[in-house]
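Asks:
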Amino acid sequence: MREINPKDITLFKRSFTLATIIMLVALFFNFILKWIIPTLVLSIIIFLILKYITKLNI
Numbered sequence: 001m002r003e004i005n006p007k008d009i010t011l012f013k014r015s016f017t018l019a020t021i022i023m024l025v026a027l028f029f030n031f032i033l034k035w036i037i038p039t040l041v042l043s044i045i046i047f048l049i050l051k052y053i054t055k056l057n058i
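Counting in the UniProt record's numbering, the sequence shown runs from 1 upward without gaps.
1) Quick check on DSSP: helix, strand or coil for ASN30?
2) According to DSSP, is ASN5 part of a helix, a strand, or is it coil?
3) What number of angstroms, rounded off, separates the C-alpha of ALA19 from the C-alpha of PHE12?
What follows is the structure in structure tokens.
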């Protein structure tokens, strides 16, 4: 076992913070994919249906 270098500790801290940031970003994107995209798709579908209905009426 060799001695722990302060440089190694800072490197570890940096990589750890980077990993946490990546994890948070991944969670955020997971949230977006799960909720925001389906709602967008639904709203687009509803908009198209309404457009079609108005076309039928006119």
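Even glycine gets a Cβ: it sits at the ideal position worked out from N, Cα and C.
Replies: Concretely, from the data shown:
1) The residue labelled residue 30 in the question sits at position 30 within the sequence shown. If DSSP states are grouped into helix, strand and coil, ASN30 belongs with the helices.
2) In the sequence shown, the residue the question calls residue 5 occupies position 5. Of the three classes helix, strand and coil, the one that applies to ASN5 here is coil, per DSSP.
3) Taking the sequence shown and counting its residues from 1, one reaches residue 19 at position 19. Taking the sequence shown and counting its residues from 1, one reaches residue 12 at position 12. Here the C-alpha atom of ALA19 lies approximately 10 Å from the C-alpha atom of PHE12.
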